[in-house]
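Heads up: the sequence shown runs through residues 11 to 143, numbered per my numbering.
All residues carry an ideal CB built from backbone N, CA and C; glycine is no exception.
These figures come from a predicted structure and were not determined experimentally.
Okay, structure first, notes after.
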Amino acid sequence: MPTHLDNQCFPKYYCLMKRRTHMYIGAIVGASVGFIDYLTKLDNQNDKELDFLALILWVVSCGLVGFLSARLPDILEPATNPNHRKFFHSILLLLTSGTGTLTIRNSLIKAFCAGYVSHLIADLTTPKGLPLI
């Protein structure tokens, strides 16, 4: 049953997640990490005054980091065929990066890990999934 998406897919294989989708998801996840971290640090400080411009700049910075890092798995393992997912697209690396996202204190590194993890989670939802290792 042909569809308009057939030209964008590998022959006889399922459609895979698109580059832009990964990057948009990474930007949203990275920005969310920046927003939550900024508000958490604000709560922990004696000065409870919200600097709106600083918040916007921080959220945009973390969003940009997430946007770029969400592209990294496909840079390390280019999608030249439907079976391109190896170690850098693995469940093992997903768990390692996910743990890093939760334990690291630096918000930009956390946004980087979150962007990478968002790519792997998005790929996990495709019919091809992710390899274990």
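Your pair residue 45 and residue 69 checks out as a contact, with CB atoms roughly 5 Å apart and the cut at 8 Å.
With contacts defined by Cβ atoms closer than 8 Å, residue 140 and residue 100 form a contacting pair. Leaving aside the five residues that flank residue 94 on each side, the residues in its chain whose CB is nearer than 7 Å to its CB run, in chain order, 87, 88.
Distance from the CA of residue 128 to the CA of residue 98, rounded to the nearest whole angstrom, comes to 13 Å. Residue 92 carries a coil assignment under DSSP once its states are collapsed to helix, strand and coil.
Nearest Cα to residue 30 within the set 43, 61, 47, 78: 78.
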